[in-house]
Ligand code: ARG
């Protein structure tokens, strides 16, 4: 044979790649983490090759034994990854071929374009399951915090101005809704991942008599009834990166939620609010100011969300101008995905840890929620029940608020005579509106913060998160 490059694809080359090119183009430094998925794909593929008679049963067994041994070595950290072999696929195949001659047949009717697609689909299924569990952990921490502070009321805020009273738990349950949507979103991404790409070749399938359904079943790409799910267009299969974008988008949106939760926690822990105390274990001090206790875990949750959005943006830009089908640019899809997975994963744990050690300053919450202005809307509702049109009632209560400000007294310390100068519909019982317990108990429609609703939500979340 004529002198050719040593690379797997080297037949048509007279020289191998430059050292610089090897360094530039390698992906094994980051895609080696796909080894277990790559080996699972190779086992399923070789089982299929034996099933259709393209290799013998003995060859399949030798390949499987070799792959199992390689995986054990990789997991033990004993495998030597070689940059010159480019990626995880070539490293494993070449190491296997050195030990098992039959491995030279492993790549029959297979391309790296579909191999990376299957590795990543297996990765996404795994990653979504891991993140779903971690998010559930954070949700459970939230539920426990709500449970431990069931009776605490706080002002709810719009425009960061005190608006209306709510149970602290009602606010936490708003976060739970956000996190539960994230959990469902990751489950949906896992469902999108559940299509087997193997068998589409590099772009246009193969002339060899393969059985795509066999491979799909072997890898668990099946529907609820156990029927195989295989991708339906060979070109789309190797070009498609929607799943990457869906996963990165789910991470980015989870990051947005974390950031908003973190922002509330930072505000609540400030001296100006002092509703909560963040756990020392998730805060740090200042190197200069001895009194400082900084909410670092929350600030980093807020900061990491920028990174998650950046990763999504990278993937959108990476794919937007690419012609079909596979282009080497697509190798750049993995670092942002792995980063999003790793960061989302640790963020979920840090949120759970921060919530787990958080304590509530019930007295400060009670003082803040005692502000009678929080019940100004209830006073307008009182007038509505006296038959006053809401727009007039709103206007009248606005005037009452102004009057209290002028008199420099709290809203509920005006006299009945004073408020009657604003509107004659105010009766002697107007001031009962400011009974906070009574006010909150009136909000019992679905989704409202009343105590019966809250009890219902506790029951619901306990069931969802058990
Ligand atoms: N390392 C490559 C990637 O991550 C694998 C697919 C390579 N395919 C190819 N034709 N070079 O995209």
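Residue numbers (the numbering used here): 711 to 1176.
The beta-carbon is built from N, C-alpha and C at its ideal position, and this holds for glycine as well.
Just so it is clear, the structure is predicted and the values come from calculations on it, not from any experiment.
Contacting residues, own chain, Cβ-Cβ under 6 Å from residue 1029 (five flanking each side not counted): 951
In chain order, what are the residue ranges of uninterrupted alpha helix (DSSP H) at least 4 long that sit wholly in the region 992-1072? 1006-1030 and 1044-1066
With distances taken from CA atoms, which of 957, 1105 and 1007 is nearest residue 974? 1007
Roughly how many whole angstroms lie between the Cα atoms of residue 869 and residue 744? 46 Å
Who are the Cβ neighbours of residue 996 in its own chain at under 6 Å, not counting the five residues just before and after it? 1002
My guess is that residue 1035 and residue 948 are in contact by the Cβ rule of under 8 Å, so how many angstroms apart are they, rounded? 5 Å
CA-to-CA distance, residue 748 to residue 781, given in whole angstroms: 10 Å
Any idea if residue 875 is buried or exposed, counting beta-carbon neighbours within 10 angstroms, 16 or more meaning buried? buried
Tell whether a beta-carbon distance below 8 Å holds between residue 940 and residue 824. no
Can you find a heavy atom of the ligand ARG that lies under 7 Å from the Cβ of residue 823? yes
Taking 8 Å as the cut-off, decide whether the C-beta atoms of residue 1143 and residue 1135 are in contact. no
On the DSSP letters alone, give me the boundaries of the beta strand (DSSP E) that residue 894 sits inside. No beta strand (DSSP E) contains residue 894, which is instead part of the alpha helix (DSSP H) from 878-903.
Just to confirm my understanding: we take residue 1157, look at its own chain, exclude 5 residues before and 5 after, and list those with CB closer than 6 Å. What are they? none
Among 916, 900 and 954, the one whose alpha carbon lies nearest that of residue 933: 900
Identify every run of the alpha helix (DSSP H) within the region 1099-1150, keeping only runs that are complete inside it and at least 4 residues long; order them along the chain. 1100-1117 and 1126-1132
Can you tell me the Cβ-Cβ gap for residue 988 and residue 1079, rounded? I've got them flagged as a contact below 8 Å. Not a contact, Cβ separation roughly 21 Å.
Pairwise C-alpha distance: residue 1081 and residue 1061: 31 Å
Please list, in chain order, all residues of the same chain as residue 740 whose beta carbon is under 7 Å from its beta carbon, the five residues on each side excluded. 1044, 1045 and 1048
Residue 1094 by DSSP, collapsed to three states: which one? helix
On the three-state DSSP scale, how would you describe residue 856? helix
Proximity test, residue 1044 beta-carbon vs the ligand ARG heavy atom, cut-off 7 Å: yes
Who are residue 875's beta bridge partners in DSSP? 865
Determine whether the beta carbon atoms of residue 1066 and residue 856 lie at a separation below 8 Å. no
Quick check on DSSP: helix, strand or coil for residue 1188? Any property of residue 1188 remains undetermined from this structure, which presents the chain solely from 711 to 1176.
Compute the distance between the beta-carbons of residue 1106 and residue 1093, then report whether it is under 8 Å. yes
Per-residue DSSP class, three states only, for residue 654: There is no way to answer for residue 654, as the model of the chain reaches only from 711 to 1176.
With three or more C-beta pairs closer than 8 Å as the rule, is the region 1015-1025 touching the region 951-969? yes
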